[in-house]
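Engineer:
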Amino acid sequence: MNEDEEDSVLQSGPVQFRGYPPSVRLSPFIRNFWTMHSDGPLAAPRTHRVLPDGCIDVIFMRPSPAENYTGCVAGTMTRPILTELAGRVDYLGVRFAPGGFQHLFDVSPGELTDRVVPLDDLSAASSLAEQVAGRDEIRARLDEIENELSRRLRSEQPDPVLARILRTISACQGNVTLAQLARVANCGPRHLRRTFSQAVGVGPKTFCRITRFRAALRALRRPRPDLLAVALEAGYYDQAHFIHDFNDLYGSSPSAALEDPTF
Numbered sequence: 132m133n134e135d136e137e138d139s140v141l142q143s144g145p146v147q148f149r150g151y152p153p154s155v156r157l158s159p160f161i162r163n164f165w166t167m168h169s170d171g172p173l174a175a176p177r178t179h180r181v182l183p184d185g186c187i188d189v190i191f192m193r194p195s196p197a198e199n200y201t202g203c204v205a206g207t208m209t210r211p212i213l214t215e216l217a218g219r220v221d222y223l224g225v226r227f228a229p230g231g232f233q234h235l236f237d238v239s240p241g242e243l244t245d246r247v248v249p250l251d252d253l254s255a256a257s258s259l260a261e262q263v264a265g266r267d268e269i270r271a272r273l274d275e276i277e278n279e280l281s282r283r284l285r286s287e288q289p290d291p292v293l294a295r296i297l298r299t300i301s302a303c304q305g306n307v308t309l310a311q312l313a314r315v316a317n318c319g320p321r322h323l324r325r326t327f328s329q330a331v332g333v334g335p336k337t338f339c340r341i342t343r344f345r346a347a348l349r350a351l352r353r354p355r356p357d358l359l360a361v362a363l364e365a366g367y368y369d370q371a372h373f374i375h376d377f378n379d380l381y382g383s384s385p386s387a388a389l390e391d392p393t394f
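Residues 132 to 394 in this note's numbering are what the sequence shown spells out, letter by letter.
#1: Please state whether the Cβ-Cβ distance between residue 340 and residue 315 is less than 7 Å.
#2: Among 158, 156, 163, which one has its Cα closest to the Cα of residue 149?
#3: Between the segment 176–191 and the segment 229–242, are three or more C-beta pairs nearer than 8 Å?
#4: Leaving out the 5 sequence neighbours to the left and right, which residues in its chain are closer than 7 Å to residue 384 when beta-carbon positions are compared?
#5: List the whole-angstrom C-beta distance separating residue 183 from residue 312, where the pair is believed to meet the contact cut-off of C-beta under 8 Å.
#6: Is the distance from the Cβ of residue 165 to the Cβ of residue 206 below 7 Å?
#7: Go ahead and label residue 174 buried or exposed: buried means 16 or more other beta carbons lie within 10 angstroms of its beta carbon, across all protein chains shown.
#8: With 16 other CB atoms within 10 Å as the buried threshold, where does residue 319 fall?
#9: When the Cα atoms are used, what is the spatial distance from residue 242 to residue 332?
#10: In whole angstroms, what is the alpha-carbon distance linking residue 178 and residue 217?
#11: Which residues does DSSP list as the beta-bridge partners of residue 226?
#12: Consult DSSP for residue 201 and reduce its assignment to one of helix, strand or coil.
#13: Is residue 376 helix, strand or coil by DSSP?
#14: So does the segment 342–352 actually touch the segment 364–372, counting three or more Cβ pairs closer than 8 Å?
#15: Rounded to whole angstroms, how far is the Cβ of residue 202 from the Cβ of residue 250, which I believe are closer than 8 Å?
#16: Go to residue 149, then tell me how far its beta strand (DSSP E) extends in each direction, as first and last residue.
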């Protein structure tokens with residue numbers, strides 16, 4: 132649900148998005164906190180496109196200031212989600228860094244992949260929504276969430292091997308083989324696939340695919356992009372490969388996206 136330039140697309144209008152950095156202690160595990168809201172009911176429904184990014188989000192929402200927040204968890208995605216925003220928009224979210232969720236909740240990320248589940252389904256997590264509802268100002272709500280997540284934190288540092296793998300994938304924009312990652316992790320490919328999937332929610336090959344797509348998406352949003360140049364720069368072996376992945380992960384072709392005024 133995060134409205135970052137490569138992760139989701141929101142139609143222009145009276146819906147405002149803002150990101151907030153986590154504390155230093157939580158920054159290895161949480162990418163950011165975010166809010167998305169409208170000052171009043173929308174005049175017409177708006178389409179919100181959320182794209183795979185390798186992250187898990189905990190999301191709080193409410194239809195009006197007089198009602199309580201309800202919470203859900205959006206697992207790591209392997210396909211885009213198109214959702215309709217209507218009425219009054221009021222979301223608050225926690226976006227976990229890849230691998231960060233497992234340090235704060237008992238549920239395995241692999242059990243949440245491509246799923247949105249109620250926060251109440253997670254053991255001892257429902258109190259988060261109550262704490263958020265008890266504060267009027269956004270900063271106070273975020274402080275409540277920070278305090279609760281800090282209390283839940285099981286370790287001060289992420290898994291160093293996983294961190295090394297994620298840095299390698301990022302540095303290569305996803306253009307790295309499973310065998311190369313196994314050497315970075317000093318383990319066999321099968322063990323790497325299993326442990327990475329358990330920690331992140333998708334396997335390393337899928338995560339690399341998402342990372343490469345996001346690199347292409349950033350390049351595509353430059354002025355007057357050339358599709359073939361974008362594809363080759365991102366590491367696709369040809370334009371057809373790029374278009375296939377873009378269709379899967381964005382939900383339309385690159386040329387159709389460029390013609391969309393909300394892109």
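Yeah, the Cβ is synthetic: ideal placement off N, Cα and C, and Gly gets one too. Bear in mind that the values here come from a model prediction, so they are computed numbers and not experimental data.
Structural biologist: Short version:
#1: The answer is no: Cβ separation not under 7 Å.
#2: Taking only the C-alpha atoms, the option nearest residue 149 is 163.
#3: yes
#4: Residues 374, 377, 378 of the same chain have their beta carbon placed closer than 7 Å to that of residue 384, with the five preceding and five following residues left out of the count.
#5: That belief does not hold up - the Cβ atoms of residue 183 and residue 312 are roughly 19 Å apart, past 8 Å.
#6: no
#7: Around the Cβ of residue 174, a 10 Å sphere holds fewer than 16 other Cβ atoms; the residue is exposed.
#8: exposed
#9: Roughly 7 Å separates the two Cα atoms.
#10: 9 Å
#11: 163, 188
#12: strand
#13: helix
#14: Taking a cut-off of 8 Å for Cβ pairs, the segment 342–352 and the segment 364–372 touch, as three or more such pairs fall below it.
#15: 3 Å
#16: 146–151
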